[in-house]
Amino acid sequence: MLSKSSLIKPGLTTKFRVDFDWWKLQDRNWRNSLVTFMCPTHQAIFAQSTAAQEMDLVNPDTGEVTRGDGLIQTLVDHCARQEGFITPNAPLVDTVFKVFIVNQNQPLNSLELAERVGKPADTILRTIGTTRVYKGIRPV
Amino acid sequence: MGSGNYNAWKTYWANLEITTSDLQQLANHLFEKEEPLNIDGLLQVLIDHRLKEREVERKLKLEDAGEVYLPSKSYEVGAKIRFPEYDWKQATVVSNRPGDNVAIGIFSVTEVEFEDGTHRYFATNLSDHALNTKLYKTDDDDIEDPVEIQNIFAPSLRTKLRKTLEKQSELIRIADTWFPRSLLIDINKGYLNLAEAILDSHEGGPLGIEPLMKELELNTEPQSKKLLEFSLNYALQEDPRFDEVGTTGEISWFLKRLEPESVLEPPIYIRSNAIVPLADQIDEESYKLLYDLDDELSFTNEEIDEVDRVDSVTITLTYPHWRSGSIPVTPNSNRVLPSALESENIKISFIDKQTQQPISAWVVRSHNYVVGLKDWFEQQNLIPGSNIEISATKHPGTMLISSEKKRSNKEWIKTVLIGADGGLVFALLRQPIYAGFNERMAIAIPDRDGLDKIWQDRLGRNIPIKSDVFRMMNELSKLNSQHHVHFVDLYAAINVIRRTPPMELLEVLATNPEIIHVGDHYYHLADQGKE
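Protein chains in written order, with this note's numbering: chain D, 1 to 140; chain Y, 1001 to 1531.
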């Protein structure tokens, strides 16, 4: 079912973020897609099992441990902080996705994304602002 | 981060009370060093001692509060941990288990219980975590710098320390320097007799301790010099033949018996039974008028001492001070006069600003006057009511003095004449004037000896102030057609025959129905003009 926000045509100032829940529901291969964004070490670890697995997640700021899916947290808290995470000449959708991961998935609009990605804002909007959702990137 | 109470340590130092333990520490220090210390040195020892105490207390407190949480560490069940990221809350370790995260590898998960009963889990034995290298600033880390403590709290701590030291007997004081009584070098009576002879040969003094020791040929090892100085100072202090007359920070000795008579006892003209402080209930204008009369009998010692220093002050002479060759020590004059912690009498010097001639004088703190200016007053042809200026110099014990020099001319001045019956008469006469003066307070005294005789005659008699006030008002009222008498004229006039503080005079004026206040500090005798 489409939400009300889905019916409003996004503009340059519309904020987007990665909706992991939506992605999990829509794409059975979402874990495989995420693993491809990980650093080589963690790619090797998480490629062995693509099934969802609860583990101890360590908060990078407080050291507090919670239980949850380690894949997303490892990607956000570790791999995204590695040098070379965002590479030039990668597909625009992948780069935008990585920008959100580096940005702790905080909402960004096309203008803000353009500054980080180095591509025109309207090009970004035309890519992620359509009815088709890439890698869970949706308007907030 | 901790919530922090920035002023915690300031509150500690502001409220600090000197304890017997502090005094013991000071005594121990002096015993160990075997060298007298001044109040600032003792204060530094006290501050250092308290800082060490606080450091020990702080460490104990930290130990009790538990270690700061670091992911790299491991913690035993029951251990206490503080969590900076959780507002420094404290928790107790409940359990430990191996961590489970293939991306991290080997680590532990430690379950803790906070004081509010909540349970949380934290990574331990985890070397790769940002918190391991994070630096925290706790409340206890707020700067408690001895220099800053000195800057902010030294004045109040110094006062507290002095008061506490005065109440004990183990440490004894010379001027502002302290030492244990039991460590003093014995100075025998022979040396003190010799010191008396030496001071005698210097016309009483003053002589500093170093030249005195030199003349006494009291020699010692360099490391014991200060101790010997202190011991000699103490022996001199305890001997009634000697008087310490130095300003603050300087010790000078004088032979008591050779001190001027006017120092040992106030001249009769400025002698008084008691001070009469300015009352709070008088109106602001009257208060200012009385305050500006600058009479030493109007002020408490606290009021006189609590003043800020200035470069120079102007003083108007009253008859009692003019006749005594003195000036009053008041909140006004004390702004340039030297201070002394202990000395009752301070030997000072004035320098005539014009001639650069030195004038030896004494500050007599017990009666708040400076004496020794009689000859200078005469040289300057000053009269009661003349203005003089006193200026501070770089040396606390030396001040410049000058009168407002005028070309000699004649002015109409209230003049005291003595009748054949010994009664006083005031008349306006043209008198030669050589210095600037206050018009209301200026009084010419052609017959000083005659007035002296009147003062001597009155010494043994208890003449009521009221009758003197009436006599003076009668005399002064004749000098103008309205027969009004201004308070300041009356104050100056009555002090020609009796030492009268302004407040005492005001009380007489305010409480006698025969005297009418006609406004602007003018008074009128009720039956004036009926005669």
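Backbone N, C-alpha and C define an ideal beta-carbon position, used for all residues, glycine too.
Test: residue i CB closer than 8 Å to a CB of chain Y
i, result
"I45 of chain D", "yes"
"E162 of chain D", "Any answer about residue 162 of chain D is impossible in this case: the structure gives chain D only from 1 up to 140."
"V102 of chain D", "no"
"T123 of chain D", "no"
Own chain partners of residue i with C-beta closer than 7 Å, once the 5 adjacent residues on each side are dropped
i, result
"A47 of chain D", "V35"
"G1450 of chain Y", "I1418"
"Y1287 of chain Y", "L1278"
"K1226 of chain Y", "E1035, P1036"
"P1331 of chain Y", "F1299, E1303, I1304, V1307"
"F1179 of chain Y", "L1030, P1036, L1171, I1172, F1230"
"I1149 of chain Y", "W1013, I1047"
Chain D contact for residue i (CB, 8 Å cutoff)
i, result
"R1120 of chain Y", "yes"
"V1068 of chain Y", "no"
"L1126 of chain Y", "yes"
"A1079 of chain Y", "no"
"V1094 of chain Y", "no"
"P1155 of chain Y", "no"
"G1002 of chain Y", "Reliability of the predicted coordinates at G1002 of chain Y is poor, the pLDDT of 38 falling under 50, and the value obtained from them is presented with this limitation in mind. Not one chain D Cβ lies under 8 Å of G1002 of chain Y."
Supposed contact pair residue j and residue i - C-beta distance, whole angstroms, cut 8 Å
i, j, result
"E1475 of chain Y", "L1424 of chain Y", "7 Å"
"Y1522 of chain Y", "I1515 of chain Y", "In fact, because the Cβ distance is near 11 Å, the residues do not count as touching under 8 Å."
"D1370 of chain Y", "S1326 of chain Y", "The sequence shown places Val at residue 1370 of chain Y, not Asp. That pair is a contact at about 6 Å."
"V1313 of chain Y", "I1413 of chain Y", "Rounded, the Cβ-Cβ distance is 24 Å, inconsistent with contact."
"E1296 of chain Y", "V1329 of chain Y", "6 Å"
"N109 of chain D", "L12 of chain D", "6 Å"
"I1433 of chain Y", "V1496 of chain Y", "About 18 Å separates the two Cβ atoms, so there is no contact after all."
"E1244 of chain Y", "I1251 of chain Y", "6 Å"
"W1362 of chain Y", "I1346 of chain Y", "7 Å"
"I1351 of chain Y", "P1358 of chain Y", "6 Å"
"R31 of chain D", "L71 of chain D", "6 Å"
Contacts around residue i, its chain only, beta-carbon distance under 8 Å, and the 5 residues preceding and following it disregarded
i, result
"L1228 of chain Y", "I1185, M1213, L1218, T1220"
"L1070 of chain Y", "L1131, N1132"
"S3 of chain D", "Because S3 of chain D carries a pLDDT of 48, less than 50, the predicted location of this residue cannot be relied on, and no value is offered for it."
"L1506 of chain Y", "I1282, S1286, L1290, F1487"
"N1101 of chain Y", "F1107"
"R1158 of chain Y", "I1039, D1040, L1043"
Residue(s) in a DSSP beta bridge with residue i
i, result
"F46 of chain D", "In DSSP, F46 of chain D forms no bridge with anything."
"W1178 of chain Y", "Y:L1037, Y:R1173"
"F37 of chain D", "Paired residue(s): none; F37 of chain D is not in a bridge."
"E1053 of chain Y", "In DSSP, E1053 of chain Y forms no bridge with anything."
"M55 of chain D", "D:G68"
"N1334 of chain Y", "In the DSSP output, where bridge partners are listed per residue, N1334 of chain Y has none listed."
"A1361 of chain Y", "Y:I1348"
"Q1090 of chain Y", "Y:R1082"
"E1067 of chain Y", "Y:I1081"
"G1519 of chain Y", "Y:Y1522"
"Q1431 of chain Y", "Y:E1411"
"T1110 of chain Y", "Y:N1096, Y:F1122"
8 Å Cβ cut-off: residues of chain D touching residue i
i, result
"D1100 of chain Y", "M55, D56"
"V1109 of chain Y", "D56, V65"
Within chain D, the residues that residue i reaches when beta carbons sit closer than 7 Å
i, result
"I1104 of chain Y", "V58"
"A1123 of chain Y", "V58, G63, V65"
"P1071 of chain Y", "G63"
Contacts that residue i makes with chain Y (C-beta to C-beta distance below 9 Å)
i, result
"D61 of chain D", "E1085, A1130, L1131"
Under 7 Å by beta carbon: chain Y residues contacting residue i
i, result
"T74 of chain D", "A1103"
Residue i CB to nearest heavy atom of the ligand FMN below 7 Å
i, result
"V1045 of chain Y", "The ligand FMN is absent from the structure shown, which contains no ligand whatsoever."
Proximal chain Y residues relative to residue i, where beta-carbon distance stays under 8 Å
i, result
"G70 of chain D", "N1101, V1102, A1103"
Cβ neighbours of residue i in the same chain (closer than 6 Å, five flanking residues each side left out)
i, result
"K1164 of chain Y", "The displayed chain sequence assigns Thr, not Lys, to residue 1164 of chain Y. Here the set comprises I1018."
"S5 of chain D", "With a pLDDT of 47 at S5 of chain D, under the threshold of 50, the predicted position of this residue should be treated as unreliable, though the coordinate-derived value follows. Cβ neighbours of S5 of chain D beyond the five flanking positions: P139."
"E1344 of chain Y", "R1365, S1366"
"S1402 of chain Y", "K1353, E1389"
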